[in-house]
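Here's the structure we're looking at; comments come further down.
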Amino acid sequence: MAAVYTDAERNYLADQEAARITHMSLHTANPGTSGTGEATGGSPAYARQAVTFNAAGAVGPMGGTAQPATVGVAWSNQVTFDLAAGTYTHFGAWSAVTAGTLRCSNALSSSQVLASQGQVKVSIGVGPVSAA
């Protein structure tokens with residue numbers, strides 16, 4: 000039988016995971032477990048972006064007044080990437096600005112297609128998948 004976590008424990012676990020993520024990346028394909036397909040190029044040049052997180056269960060993905068908080072999820076601030084023309088499909092969450100450990104990745108809510116140099120803004124949530 001699986002344990003049932005309290006809201007307080009789910010928030011704690013989300014905050015612990017968020018504390019291990021310092022930077023985000025964008026990718027042209029599923030990065031898998033190693034971070035392959037990370038964006039490159041552009042002018043200004045692509046770079047991983049520093050990210051911070053709100054306390055889990057305190058603020059929703061669109062801010063405190065626009066959407067209620069989600070128990071067990073810590074939402075990041077919105078980060079802006081400078082990107083060369085291309086199609087960007089996934090994000091990565093890292094422990095460092097270069098190299099580091101890929102903590103998690105996922106598909107963007109929709110692929111971002113840039114016909115020329117441009118910017119893409121991303122915000123993510125991290126936390127336990129289930130209460131049980």
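Using numbering that gives the first Met the number 0, the first residue of the sequence shown is number 0, and each one after it goes up by one. Don't be surprised by glycine CBs; every beta carbon is placed ideally from N, CA and C.
Could you tell me which uninterrupted beta strand (DSSP E) segments, each at least 3 residues in length, are contained entirely in the region 43 to 116, listed from first to last along the chain?
-> 78 to 82, 85 to 93, 101 to 113
Going by other Cβ atoms of all chains shown within 10 Å of its Cβ, with 16 needed for buried, is residue 39 buried or exposed?
-> exposed
Who are the near neighbours of residue 118 in its chain, counting only those whose CB is closer than 8 Å to its CB and skipping five residues on each side?
-> 79, 80, 81, 82
Exposed or buried, which one is residue 48 when buried takes at least 16 other CB atoms within 10 Å?
-> buried
List the whole-angstrom C-beta distance separating residue 56 from residue 71, where the pair is believed to meet the contact cut-off of C-beta under 8 Å.
-> 7 Å
Is residue 46 closer than 8 Å to residue 89 when the C-beta atoms are compared?
-> no
Residue 17, enclosing alpha helix (DSSP H) - first and last residue = 6 to 18
Could you check how far apart the C-beta atoms of residue 41 and residue 73 are, in whole angstroms? I think they sit under 8 Å.
-> Wrong, their Cβ atoms sit about 29 Å apart, outside the cutoff.
Quick one: what's residue 33 bridged to in DSSP?
-> Partner(s): none; residue 33 has no beta bridge.
Using DSSP with H/G/I as helix, E/B as strand and the rest coil, what is residue 24?
-> strand
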